[in-house]
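Report on the structure given below.
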Amino acid sequence: MIRPPAARALSMVLGVLLAGPVGAAWAQEGEPAAANPPAAPPRIAAHDFLMDGGDQARIVWEQSPDDPANVSAYAIYRSRTDAEIQKKIKDDRAKFIAGRKTEATKAILGEDWKTMLDTLTPQQRIDIRAARAEAAKAAAAEFDAGAMNDPASEDNRFLLHGSTKSLELKYEVDKLDRANAYVFMVKAVGKDFSKSAGAVTDAPMSPTLEWFDGTPVQSGGRFWLVWIVLIFCGAVVFWIRHARRGKPIRVRKIAGLEAVDEAVGRATEMGRPCLFVPGIQDMNDIQTIAGITVLARVARTAAEYDAKVEVPTARSLVMTTCRETVQAAYLSAGRPDAYNQDLIYYVTDEQFGYVAYLSGMMVREKPAACFYMGTFYAESLILAETGNAIGAIQIAGTAMPAQLPFFVAACDYTLIGEEFFAASAYLSGSPEELGSLKGQDLGKVIVAVLMILGIGMMTLASMVGEQSGLGERLSAAVKFLKDVILT
Amino acid sequence: MKRTAPMIILALGGFVLLVAYFIPYTQGWGEDAALWFDILAAIAFILGGGNLLKIHLKKMSDKVPGWGYSAVCVASFLAMLTVGLLKIGVHPNEQFPDYRWSGTYDQVGSPFWWLYEYGFKPLTATMFAMLAFYVASAAFRAFRAKNFEAILLLGTAFIILLGRTFAGVFLTGFIPEDSPMAGLKLENLTMYVMQVFNTAGNRAIMIGIALGVASTSLKVLLGVDRSYLGSGEE
């Protein structure tokens, strides 16, 4: 039987094994018997993390005198909060008692006790119940009197947070609660897995909340992201202002958008309705908004041609927005009387319920033009194929890469990704909106430059050898570019 | 005012969410804004249900062609709504056995669960299953060798489809794994096409989409793009 202190020691060793990068190596080598603990790190300090949401701290310590000769890693602990200590003690107590109860059962039924539970005699049941109750009582008394029940014991007070390799003398602790004060402890782990005494920080510290969360990539990479956002938004705003000054901006022809008027015209000539499907997501999805900007144009053209546009929606809020959009489009076309709000209606939130309705409606009413603009999933091909079967002219636009091939295969025109988002600017022809497309192009230039830079550096690193000084620096630069700036 | 107010609300909500990502002090505001959307969406369910009833009852009363479908829709809607809201046939929760309505409406074995499991789910599964046939018909049309690009597409599709089946492995099984020609084994060729050409194309589309999303969001937040309100003109 494994006694509690031994079990605790084993669990701590296993914890360190699993927590750090050196764990795998240790697991392969196995656990040696001899114990030659290294000296503890002489000094340790904890600093609040600059530019974070108040949940991180940076721990630094001085090298153990035995590092690297007899140190393979450092184990980093943080103090538990009172609530965490109480919870740990409660959980440990429950586990301890459960273990003793199982042992009592084993003592009566033997090692195969689990298989015998269904065939117990009434007397055996009574005996086992009594033995388990007695064992539980004894275990509870033993636990309450022992060190495991002591909130001040090191095991209860400190929680293993992670580990670093030998010679790595700093560590970032995350997921802290700024309402609590924490003490940190570092132990040097010897090559024989024995641990030094703990070096503990002098005073408790609480992480503080800063105005800007610029934590590095491991915690979100927001420092670089804010720069990317500022550069990109700055470029878009610059080009919008540039366009406002009347500078000409050229945009290539997008066939799918050129065909909108043609499709509505065809429906008018055939005396059949147009069907507009704004995707299956709600108004908080940017694709739905982009789809509705196209609806504005379709509705306006339909109002001018006196065609009927039917908009079944999968979300109530989308229905309301579409109604406002179409009404305003009819108003701006000078045909407010022709607007019929009953043509824009809610069907269901259920994906395939919505598809079933649309397919049935398409087969029955045979719309002459079908527009699919928004977020689509598996329903994309069902809709597009049904539209194809009824001979409708179909224009689709989505930013779901997995659905694009289906639309391309089954529709007459497809707005692929960014074309879909450019639709509003393209259709309105407004210089301001066209200017934003130019700003978008700058973003593409930046991405292209970074890609060329990364590819160039990686190629050079492999040419000079990644182990050489230059190769190592180039690889590190690429890693920084990839993991910090682009992530 | 009818258009200005939504634009102000939208801009405020959008910028609060944006700022909350970078400024920890405002994280709560972002969560509040998201909560408001959830509240609106929940209320909108009533709007949606009301609209559904109105549209289909009107179709039934006008006896428009296909009004029978509307009757089925309304009946199904009301049946599910009644069974779910009144918790018909639901057993009380074990912790509150004295309260008849303490069980969950969708507990296993309840009428609502039964209707969902044996009525609704098979119907949606049927719709989803139809996708297989649509894939076949779309593939047949897409892979017709009309021009050079279509031939290229057909050839690539042929390699990918074969490479993902045992037939592909069998057909090029004679090429030794360690020979310089091993790259021509269909399963390796498939892997190469998927990992190199397909990934490159996908990434190009994804970069365009990401920039498009950011640009569109900015246009909407700044009020430059007002076409979702019907027209850019006031």
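These protein sequence lines are chains A and B, in that order.
The opening position of the first sequence corresponds to residue 16 in my numbering, with each subsequent residue numbered one higher.
The opening position of the second sequence corresponds to residue 26 in my numbering, with each subsequent residue numbered one higher.
In this text, a Cβ means the ideal position worked out from N, Cα and C, and glycines have one as well.
Which residues DSSP lists as bridging residue i, in chain order
i	result
glycine 412 of chain A	A/Met388 and A/Leu430
lysine 146 of chain B	Its beta-bridge partners do not exist; DSSP assigns none.
alanine 60 of chain A	A/Val75
proline 327 of chain A	A/Tyr360
tyrosine 231 of chain B	In the sequence under discussion, the amino acid at residue 231 of chain B is methionine, which differs from the tyrosine named in the question. BP columns for methionine 231 of chain B are empty, so no partner.
serine 202 of chain A	First, the residue type needs correcting, since residue 202 of chain A is lysine and not serine in the sequence shown. Looking at the DSSP assignment, lysine 202 of chain A forms a beta bridge with A/Ala90.
alanine 214 of chain A	A/Val201
serine 178 of chain A	A/Ala90
cysteine 289 of chain A	A/Val324 and A/Ala384
methionine 220 of chain A	A/Tyr197
lysine 185 of chain A	A/Val75
Close Cβ partners of residue i (< 6 Å) along its chain, the five nearest in sequence each way excluded
i	result
glycine 114 of chain B	Ser135 and Pro136
glycine 229 of chain A	Met66, Arg237 and Phe238
asparagine 403 of chain A	Ala425
Whether residue i touches residue j by CB criterion (8 Å)
i	j	result
alanine 250 of chain A	glycine 432 of chain A	no
alanine 329 of chain A	isoleucine 295 of chain A	yes
proline 288 of chain A	glutamate 225 of chain A	no
phenylalanine 153 of chain B	alanine 109 of chain A	no
leucine 37 of chain B	glycine 55 of chain B	no
valine 324 of chain A	leucine 358 of chain A	yes
isoleucine 112 of chain A	alanine 154 of chain A	yes
alanine 318 of chain A	alanine 270 of chain A	no
valine 370 of chain A	isoleucine 397 of chain A	yes
leucine 211 of chain B	threonine 197 of chain B	yes
alanine 66 of chain B	leucine 332 of chain A	yes
phenylalanine 386 of chain A	proline 222 of chain A	no
arginine 542 of chain A	threonine 130 of chain A	This structure cannot settle anything about residue 542 of chain A, because the visible part of chain A is limited to 16 through 502.
leucine 60 of chain B	valine 108 of chain B	no
7 Å Cβ shell around residue i - same chain, five flanking residues per side excluded
i	result
threonine 336 of chain A	Met298 and Ile307
alanine 500 of chain A	The displayed chain sequence assigns isoleucine, not alanine, to residue 500 of chain A. For isoleucine 500 of chain A, where only same-chain residues beyond five positions count, the Cβ hits under 7 Å are Trp239.
valine 464 of chain A	none
lysine 494 of chain A	none
serine 490 of chain A	Ala476 and Glu481
tyrosine 320 of chain A	Val279, Gly280 and Thr283
Local conformation of residue i per DSSP, three classes
i	result
valine 28 of chain A	Since pLDDT at valine 28 of chain A reaches only 44, below the 50 mark, its modelled position is unreliable, and the value read off the structure follows with that caveat. Helix.
tyrosine 89 of chain A	strand
valine 266 of chain A	coil
valine 115 of chain B	coil
valine 275 of chain A	helix
phenylalanine 435 of chain A	helix
phenylalanine 173 of chain A	strand
arginine 260 of chain A	coil
alanine 40 of chain A	Only weak support exists for where alanine 40 of chain A lies, its pLDDT of 39 falling under 50; the coordinates are left without a value.
tyrosine 130 of chain B	coil
valine 232 of chain A	Bear in mind that a pLDDT of 46 at valine 232 of chain A, under 50, signals an unreliable position, so the model cannot answer this.
glycine 45 of chain A	At glycine 45 of chain A the pLDDT is 47, less than 50, meaning the model places this residue with poor confidence; the figure from the coordinates comes in the next sentence. If DSSP states are grouped into helix, strand and coil, glycine 45 of chain A belongs with coil.
lysine 171 of chain B	coil
aspartate 127 of chain A	coil
phenylalanine 208 of chain A	coil
arginine 350 of chain A	coil
valine 89 of chain B	coil
valine 249 of chain B	coil
alanine 417 of chain A	coil
glutamate 99 of chain A	helix
aspartate 456 of chain A	helix
phenylalanine 199 of chain B	coil
tyrosine 124 of chain B	coil
glycine 35 of chain A	Legend: pLDDT at glycine 35 of chain A = 42, less than 50; position of this residue unreliable, value from coordinates given subsequently. It is coil, neither helix nor strand.
glutamate 481 of chain A	coil
glutamate 259 of chain B	Confidence in glutamate 259 of chain B is poor, its pLDDT being 43 and thus under 50, which makes the residue's placement unreliable; the coordinate value appears in the next sentence. The answer is coil: DSSP assigns glutamate 259 of chain B none of H, G, I, E or B.
glycine 444 of chain A	coil
alanine 100 of chain B	helix
arginine 144 of chain A	helix
Own chain residues within Cβ distance below 8 Å of residue i, not counting five before or after
i	result
phenylalanine 421 of chain A	Ser395, Leu396 and Ala399
phenylalanine 91 of chain A	In the sequence as presented, phenylalanine is not what sits at residue 91 of chain A; that position holds isoleucine. Within the same chain, isoleucine 91 of chain A has close Cβ partners Ile74, Leu175, His176, Gly177, Ser178, Thr179, Tyr186, Val188, Phe199, Met200 and Val201.
Decide yes or no for the touch test of the stretch 362–373 of chain A against the stretch 336–347 of chain A: beta carbon pairs closer than 8 Å, at least 3 of them. no
Per the contact definition of three or more C-beta pairs closer than 8 Å, is the stretch 158–172 of chain A in contact with the stretch 74–85 of chain A? no
Would you check if the stretch 50–60 of chain A and the stretch 81–99 of chain A touch, i.e. whether three or more CB-CB distances between them fall below 8 Å? Yes: the two stretches touch, three or more of their Cβ pairs being nearer than 8 Å.
Would you call the stretch 86–102 of chain B and the stretch 110–125 of chain B in contact, with 3 or more CB pairs under 8 Å? no
Do the stretch 276–287 of chain A and the stretch 447–457 of chain A make contact, defined as three or more Cβ pairs closer than 8 Å? No: the two stretches stay apart, fewer than three of their Cβ pairs being nearer than 8 Å.
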